[in-house]
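Visitor: Before we start, here is the structure in question, set down as structure tokens.
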Amino acid sequence: MKKRSWISIVFSFASQCKGKIILSVICALVSVASGLIPYWSVYHIITSFINGSATIPNVWVWGLIAVCGYTFRYIFHGISTSLSHASAYSILENIRLALAKRLMRAPLGTVVEESVGKLKSVIVDRVETIELPLAHMIPEGISNLCLPIAVFIYLISIDWRMALAMLITVPIASVAYFSMMKNFNKQYADYMESSNYVNGVIVEYVEGIEVIKAFNQSSTSYEKFSKAVKSFKDYTLNWYKSVWKLMNFGNSVLPSTFLGTLPVGMILYATGTLSPENMVMCFILSMGIVDPLMNYTLHVSNVKAVEYAIHDVDKLLHVTELPDSKNSLSIENHNIELKNVSFAYSKNKDNKVLSNITFSVPEDSFTALVGPSGSGKSTIARLIARFWDVDEGSISIGGIDIRQIPISQLSDIISFVTQDNFLFHCSIKENIRMGKPSATDEEVYAAAKAACCDDFIQKLEHGYDTQAGDAGNRLSGGEKQRISIARMILKNAPIVILDEATAFADQENEEKMQRSISALTKGKILFVIAHRLSTITNANQIIVLKNGEIHSVGTHKLLLDSDSLYRNMWEAHIGARNWSANSKQEVESICSEL
Ligand code: ADP
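Going by my numbering, the first residue of the sequence shown is number 833, and it counts up by one from there.
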């Protein structure tokens, strides 16, 4: 994609509230022009004294006009900033919503590969920076630019030499600004990198605090954290030190219009080529543009921050999406079919995680996927849910390639309980209700009972209204898992994918959960990635994966007889189960003897 200039991106954002922003610019222009009225009045009072026509009522009238001008300036400034802020914040809201939608439609990899710190900083901080151009730079920038131009043209009509004299500070200040900006791009890019790094380290430190404590790594991790923060501070301070002199010089010189108008005006007056009235007028007008120029200098140092923020936000707004179709399709059945599917996570597509996978899952059946860790089981489940698109081959549901099915329709027909049982920071009841937002409380309770979580929820302080905590951190792994299953049960989708969904449960609970899952998924497709092989012995088909390829397919009995890999896995599982049951008994008997 061709990189657009940040200014054109700002204007494309601003077009969402075009009317309000134009009105805000007009009010800003009126405000700046009204700000000149007091100078105009002072000019009239001074010239009336110079030519001897001054009278008290006359001075009062001009004084009153000055007060009106001053009042108008602030009234219109108020209207302008209210309008520009109202539009800016509704545009920022739209940008944040658009970012969230875009991330939802992007392949999962794009989202999970970014650091949380960076994403947070783009969605919160960078978007906030866009308030500057929308609420300030556009209305104030345009009006503060128009005014000096108008004054300059007017001064040319009085005396072109005075007009040029007024601008003498512009090249002097520009030299300072240009030398300040010489390495600015590089320095700002380093600054942003350093800021992203600090953000990432902070998020990692906070999120990993449990592991840090468990492994007594607090001093090492703190050191990494404090080093990152310190180097960011050193970098920013050094950068500030290297530019503050030039920046202050430019900021102080640019608005000092008297540097040019005073000596030139005096010379012209002394040589008799400028009347005293015109000289006063030129002085006063050049004083009148000090404020607008000062306003400009305020924004100079922000331009780069705004440019970076806009490019970062624009990049995330245009992150590649999974192609989606708009119109819902009528899907006659939900048979799943994978044909010659190959897939790699990395950009280097030679690093295949799955190769040439072909199998089908008929309706009203229970299919289990087993295989050594890392063999690609979860990847298959994720591809069926279209978290990523396949690189080669196709996956279809009811004979329709899932890439043709709108993503929202696909997520309606699939319930996916992943290994990562994420819960939102809201009540347990609302977490379950996410499966079906229109569900009544009774339906939520029934789903919870079926997922064997009613008992422990009832024991919590506020029952179903207990807050789950950030990412469900107030609950144990097993409890989170059961709540995710309740969510899945409530959703009641025709395809149910469980990715090691009962792995955390103890044996007794797991059997109970399995029974209720089988009862509730009657007539549906149940696709299970199994951790404990004893839970899938009654599966209609078991697919054994090895190194991203299908090793064998069959029923439990058939595979036990014909596949040594499956038999070994089964024996290892049974061995582990007996071992854990025996060792439990042994521990219990030792305890009772004690
Ligand atoms: P299984 O579920 O059988 O344990 P996975 O499907 O999770 O296996 O993983 C298969 C392979 O893909 C592994 O080598 C794993 O390291 C890799 N992998 C899994 N997820 C990602 C990811 N998001 N990005 C890159 N590689 C991944």
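Every residue, glycine too, gets a C-beta built ideally from N, C-alpha and C.
1) Quick one: using the 10 Å Cβ neighbour count with 16 as the cut-off for buried, is Ala-1280 buried or exposed?
2) At the level of alpha carbons, what is the spacing between Ala-1217 and Ile-1382?
3) When we look at the beta-carbon of Ser-837 and count the other beta-carbons within 10 Å, is it buried (16 or more) or exposed?
4) Please report the straight-line C-alpha distance between Cys-900 and Ala-1137, rounded to a whole angstrom.
5) Can you tell me whether Met-969 is buried or exposed? The criterion is at least 16 other CB atoms within 10 Å of its CB, across all chains shown.
6) Name the DSSP beta bridge partners of Thr-1199, please?
7) Could you give the DSSP three-state label for His-1143: helix, strand or coil?
8) Pull up the CB-CB distance for Gly-1232 and Ile-1163, whole angstroms please, since I reckon it's below 8 angstroms.
9) Taking the alpha-carbon positions, what's the Glu-1275 to Gln-1290 distance?
10) Would you say Val-1173 touches the ligand ADP, meaning its beta carbon is less than 6 angstroms from a heavy atom?
11) Between the alpha carbons of Ser-852 and His-917, how many angstroms are there, rounded?
12) Spatial neighbours of Ser-1226 within its chain, please: C-beta separation below 6 angstroms, excluding the five flanking residues on both sides.
13) Going by CA-CA distance only, name the one from Phe-984, Asn-926, Phe-1288 that's closest to Tyr-1145.
14) Could you give the distance in angstroms between the alpha-carbon of Ile-1239 and the alpha-carbon of Thr-1152?
15) With a 10 Å radius around its C-beta and 16 neighbouring C-beta atoms as the bar for buried, classify Thr-784 as buried or exposed.
16) The beta strand (DSSP E) spanning Gly-867 covers which residue range?
17) When you compare each of Leu-1149, Leu-1186, Glu-1195 to His-1166 by their alpha carbons, which one comes out closest?
18) Exposed or buried, Ala-1021, counting other C-beta atoms within 10 Å across all chains shown (16 or more means buried)?
19) Thinking Thr-879 and Glu-1109 are a contact (beta carbons under 8 angstroms), I'd like their distance in whole angstroms, please.
20) Go through its chain and collect everything with a Cβ distance to Val-983's Cβ below 6 angstroms, but skip five positions before and after it.
21) Shortest alpha-carbon distance to Gly-1203 belongs to which of Arg-1364, Cys-849, Ile-882?
22) Do Lys-1209 and the ligand NAP come close, with the Cβ less than 6 angstroms from some heavy atom?
23) Please state the DSSP three-state secondary structure of Ser-1243.
24) Of the residues Ser-1107, Phe-1254, Lys-1323, which one's Cα is nearest the Cα of Ser-1270?
25) Between Leu-1442 and Thr-1001, is the Cβ-Cβ spacing less than 7 angstroms?
Guide: In terms of the structure at hand:
1) Answer is buried; the Cβ neighbour count reaches 16.
2) In this structure, the CA atom of Ala-1217 is about 19 angstroms from the CA atom of Ile-1382.
3) Classification for Ser-837: exposed.
4) Each residue's alpha carbon lies about 38 angstroms from the other.
5) Residue environment analysis places Met-969 among the buried positions, since at least 16 neighbouring C-beta atoms fall within 10 angstroms of its C-beta.
6) In the DSSP output, where bridge partners are listed per residue, Thr-1199 has Phe-1359, Gln-1373.
7) His-1143 falls in the helix class under three-state DSSP.
8) Reading off the sequence, residue 1232 comes out as Ile, not Gly. The beta-carbon separation of Ile-1232 and Ile-1163, rounded to 6 angstroms, stays under the 8 angstroms limit for a contact.
9) Approximately 16 angstroms, taken between the alpha carbons.
10) No; taking the cut-off as 6 angstroms, the Cβ of Val-1173 has no heavy atom of the ligand ADP nearer than that.
11) Reading off the sequence, residue 852 comes out as Lys, not Ser. About 10 angstroms.
12) Answer for Ser-1226: Lys-1171, Asp-1233, listed in chain order.
13) This sequence places Val at residue 1145; Tyr is not what is there. Out of Phe-984, Asn-926, Phe-1288, Asn-926 has the C-alpha closest to the C-alpha of Val-1145.
14) In a straight line, the C-alpha of Ile-1239 is about 15 angstroms away from that of Thr-1152.
15) Any property of residue 784 remains undetermined from this structure, which presents the chain solely from 833 to 1426.
16) Segment 850-882 is the alpha helix (DSSP H) holding Gly-867; no beta strand (DSSP E) there.
17) Out of Leu-1149, Leu-1186, Glu-1195, Glu-1195 has the C-alpha closest to the C-alpha of His-1166.
18) Exposed: under 16 other Cβ atoms inside 10 Å.
19) Beta-carbon to beta-carbon, Thr-879 and Glu-1109 are separated by about 5 angstroms, close enough to satisfy the 8 angstroms threshold.
20) Excluding positions up to five away in sequence, the list reads Leu-1117, Ile-1121.
21) A check of alpha carbon separations from Gly-1203 across Arg-1364, Cys-849, Ile-882 identifies Arg-1364 as the nearest.
22) No copy of the ligand NAP occurs in the structure displayed; its ligands are the ligand ADP alone.
23) The answer is helix: DSSP assigns Ser-1243 an H, G or I state.
24) Residue Lys-1323 is the option with its Cα nearest to Ser-1270.
25) Any answer about residue 1442 is impossible in this case: the structure gives the chain only from 833 up to 1426.
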